[in-house]
Amino acid sequence: MTKGMEPKFTVGGRIAKPVAEVFDAVVDPGRLSQFFTTGGAKGRLVAGTEVTWDFHDFPGAFPVKVIEVVPNERIVLSWQGEGGLWTRVTMTFAALGPDRTHVRIAEEGWRTDPAGMKAAFGNCEGWTGMLCAMKAWLEHGINLREGFYK
75 MTKGMEPKFT VGGRIAKPVA EVFDAVVDPG RLSQFFTTGG AKGRLVAGTE VTWDFHDFPG
135 AFPVKVIEVV PNERIVLSWQ GEGGLWTRVT MTFAALGPDR THVRIAEEGW RTDPAGMKAA
195 FGNCEGWTGM LCAMKAWLEH GINLREGFYK
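For the sequence shown, the working numbering assigns the number 75 to the initial residue and increments by one for each residue that follows.
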């Protein structure tokens with residue numbers, strides 16, 4: 075990484091479900107809690123609101139600011155990262171046919187110091203895990219995160 079370059083990443087994957095079903099699995103707190111927010115999610119993702127996400131692996135509810143929601147296409151969130159900075163998360167959803175969706179998750183906004191880099195890599199791992207867990211849950215009804223962290 076070049077000096078002064080901001081840490082950021084994009085991860086993605088394909089899920090064999092219609093785009094509306096995949097999108098709803100993220101915006102609906104009850105569905106999100108089935109495969110990702112192991113401690114529970116509170117609040118539907120609606121632009122201009124703040125919701126909370128809780129994880130067994132990182133106890134304590136995280137406030138999540140919902141910046142933008144374009145149904146079945148895009149979700150933009152912001153949450154507090156390492157060192158008090160608010161990172162920006164952009165999720166995009168693209169239909170690859172009637173029963174297949176490509177999901178991409180990008181995050182940026184960390185400090186460029188070692189702690190910021192560590193946090194960026196940790197979140198990259200977390201979002202990759204989220205995509206894997208969402209695929210397993212939506213396609214096969216399996217919760218990959220159950221018992222994984224506690």
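We put the beta carbon where it would ideally sit given N, CA and C, even for glycine. None of the values given here were measured: they were computed from a predicted structure.
For Gly155, does the count of other Cβ atoms within 10 angstroms reach 16, so buried, or fall short, so exposed? buried
Are three or more beta carbon pairs between the stretch 194-211 and the stretch 79-88 nearer than 8 Å? yes
I believe Ile179 touches Met165 by the beta-carbon criterion, under 8 Å. Please report the beta-carbon distance rounded to the nearest angstrom. 5 Å
When burial is assigned at 16 or more other CB atoms within 10 Å of the CB, is Glu181 buried or exposed? buried
I'd like to know whether the C-beta atoms of Thr126 and Ala135 end up nearer to each other than 8 Å. yes
Quick one: give me the first and last residue of the alpha helix (DSSP H) that Thr161 is part of. Taken as a continuous stretch (DSSP letters only), Thr161 belongs to no alpha helix (DSSP H), being part of the beta strand (DSSP E) at 160-169.
How about Thr112 and Phe97: do their beta carbons lie closer than 8 Å? no
Backbone CA spacing between Lys116 and Lys139 [nearest angstrom]: 12 Å
Under 8 Å between C-beta atoms of Phe132 and Trp211: no
With the cut-off set at 8 Å, would you say Ile149 and Val100 are in Cβ contact? yes
Using only alpha-carbon positions, find the residue among Gly215, Ala194, Ala168, Asp187 that is nearest to Phe83. Ala194
For Thr111, report the span of its beta strand (DSSP E) as first-last. That residue, Thr111, is in no beta strand (DSSP E); it is neither H nor E in DSSP.
Between Leu106 and the rest of its own chain, which residues show a CB-CB distance below 7 Å, the 5 nearest in sequence each way excluded? Ala99, Val100, Ala115
Thinking just about the alpha-carbon of each residue, which of Gly158, Val163, Val144, Pro145 is nearest to the one in Leu151? Val163
Helix, strand or coil at Thr225 according to DSSP, with G and I counted as helix: Examination of residue 225 is not possible in this model, given that the chain is present from 75 through 224 alone.
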